[in-house]
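All remarks here apply to the structure that follows.
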Amino acid sequence: MLKALLSNKEKLHELANTPLDENCSAVILKTLPEKLGDPGKFLILCGFSELKCKALADLGASIKLMPLSVWKELGLPELIPTRMTLELANRAIFTLAGIERDVFVPVGKFTFPADFVIVDYESDPRVPLILGRPFLRTARALIDVHGGEMILRDGDERLTLNMKHDTSKYSNQPQRE
Numbered sequence: 001m002l003k004a005l006l007s008n009k010e011k012l013h014e015l016a017n018t019p020l021d022e023n024c025s026a027v028i029l030k031t032l033p034e035k036l037g038d039p040g041k042f043l044i045l046c047g048f049s050e051l052k053c054k055a056l057a058d059l060g061a062s063i064k065l066m067p068l069s070v071w072k073e074l075g076l077p078e079l080i081p082t083r084m085t086l087e088l089a090n091r092a093i094f095t096l097a098g099i100e101r102d103v104f105v106p107v108g109k110f111t112f113p114a115d116f117v118i119v120d121y122e123s124d125p126r127v128p129l130i131l132g133r134p135f136l137r138t139a140r141a142l143i144d145v146h147g148g149e150m151i152l153r154d155g156d157e158r159l160t161l162n163m164k165h166d167t168s169k170y171s172n173q174p175q176r177e
């Protein structure tokens, strides 16, 4: 194989000439674009009939989290028991109260089904829910990071949400009571 490569020097030269896109070129030319903030999490307004609240949509979260107090307030059916535990970034471990399947989460004109992990913790009453990547996939979310918008889709219909809320004051981790 090496002999075949060396005998065809023109093809080797073609392989060596690799065009760079404008981002890579900017790094080499030291003309980087202005750095924008990290949109890793943002707020979504949820309009349950029993509760109007904001949910923290976190691109780093792989689950959907609901406090036990919100579960009770929504009057949802009995929890499915589980032995699963939740380990936080700070290594704190929570035992789950259970799992709630097929909770219909109303966002604007759409309603999306979601399975929630229910944990007994004291949440921020302004933002009690955490919606992770699985919810955003269900909602067929398209995220415009630069424009600060998220488009949720259901069939041919679309809903555009503003992602420019300041989420720095909201925790995306449960705190022990």
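Each residue of the sequence shown is one higher than the last, beginning at 1 in our numbering. Yeah, the Cβ is synthetic: ideal placement off N, Cα and C, and Gly gets one too.
Could you spell out the range, first to last residue, of the alpha helix (DSSP H) harbouring residue 74? 68-74
Is it right to say residue 125 is buried, meaning 16 or more other beta carbons lie within 10 angstroms of its own, or is it exposed? exposed
So is residue 168 buried or exposed if we call it buried at 16+ other beta carbons inside 10 Å? Summary for residue 168: the model assigns pLDDT 49, below 50, so the residue's position carries little reliability; its value from the coordinates is reported in the next sentence. Exposed is the call here.
So, with DSSP's three-state summary, where would you put residue 77? coil
Can residue 127 and residue 46 be called in contact, C-beta distance under 7 Å? no
Anyone know if the C-beta pair for residue 51 and residue 130 falls short of 7 Å? With contacts defined as CB atoms closer than 7 Å, residue 51 and residue 130 fail to qualify as a contacting pair.
Express the C-alpha separation of residue 100 and residue 78 in angstroms, rounding to a whole number. 8 Å
Measure the Cβ-Cβ separation of residue 54 and residue 68 and say whether it is below 7 Å. no
Status (buried if at least 16 other CB within 10 Å, exposed otherwise) for residue 144: When all chains shown are included, residue 144 counts as exposed.
Just tell me which of 88, 119, 155 has its CA closest to the CA of residue 61. Looking at the Cα atoms, 88 is the closest of the given residues.
Nearest neighbour of residue 122, chosen from 41, 94, 103 [CA to CA]: 94
For residue 54, which beta-bridge partners are listed by DSSP? Note: residue 54 is bridge-paired with 45 in the DSSP secondary-structure output.
My assumption, with CB atoms under 8 Å, is that residue 153 sits in contact with residue 137. Please give the rounded CB distance. With a Cβ gap of about 11 Å, residue 153 and residue 137 do not count as contacting.
Collapsed DSSP secondary structure at residue 159 in the structure displayed: Look at residue 159 here: in three-state DSSP terms it is strand.
Kindly indicate if chain C contains any beta-carbon less than 7 Å away from that of residue 96. Included in the structure is just one protein chain, with no chain C present.
Along the chain, where does the alpha helix (DSSP H) that runs through residue 106 open and close? First-last for residue 106: 98-107, but that is the beta strand (DSSP E), not the alpha helix (DSSP H).
Which class does residue 152 belong to by DSSP, given the choice of helix, strand or coil? strand
Whole angstroms are fine: how far does the CA of residue 151 sit from the CA of residue 158? 6 Å
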